[in-house]
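First residue of the sequence shown? That's 18 in this note's numbering, and the numbers climb one at a time after it.
Quick reminder that beta carbons are idealized off the backbone N, C-alpha and C, glycines included.
Below is one structure, written out as structure tokens; comments come after it.
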Amino acid sequence: MVQQITKDIKISITSNFEEKRYQNTRIYYAFSYSITIENQGTDTVQLLSRHWNIFDSQNDIEIVEGEGVIGEKPILNPKQLYTYTSNCYLTSPIGAMNGFYNMINFNTSEKFKVQIPTFQLMVPSTLN
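If you want it as structure tokens, here you go:
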């Protein structure tokens, strides 16, 4: 598990290899990742948008941006958790992801970024 805290928001991540897929004569490696966002502060916050940097071992970089996560813009009261699972596809068996969430503090109206730490995406057989 990878974890990081930014401005009282703790991000915890686990990732898993799901399967290898073939599409239009190309191989894709499917990975899932679960993220828990924990508000360790005393103010209520909301996740507004996300920014992802997705890397693979062939030096391809994909940037993904959008509102919320999995179609939601969760509001987290103090000490509250929000967990979601999503996925990505790589063209190589090894990669990584990182990025940030744009959030707003309801008590102060401050907008701020929460860093998503780099986590690895790896087919288990590549570890040998």
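Given a length threshold of 4 residues, the stretch 34-113 has no whole run of the alpha helix (DSSP H) inside it. DSSP, reduced to helix, strand and coil, places S126 outside both helices and strands of the structure shown, so it counts as coil.
The secondary-structure analysis by DSSP pairs K27 across a beta bridge with I22, E55.
With respect to the 8 Å criterion, Q20 and I26 are not classified as neighbours on the basis of their beta carbons.
Judged by their CB atoms, I52 and T100 are nearer to each other than the 8 Å cut-off.
Going by beta carbons, Y50 and S103 fall inside the 8 Å limit. The alpha-carbon separation between E79 and G116 amounts to approximately 11 Å. Put simply, of Y118, Y45, S74 the residue whose alpha carbon is nearest the alpha carbon of I92 is Y118. Ranked by Cα distance from S126, the options I30, N76, C105, V62 are led by V62. Bridge pairing for S32: Y50 [DSSP].
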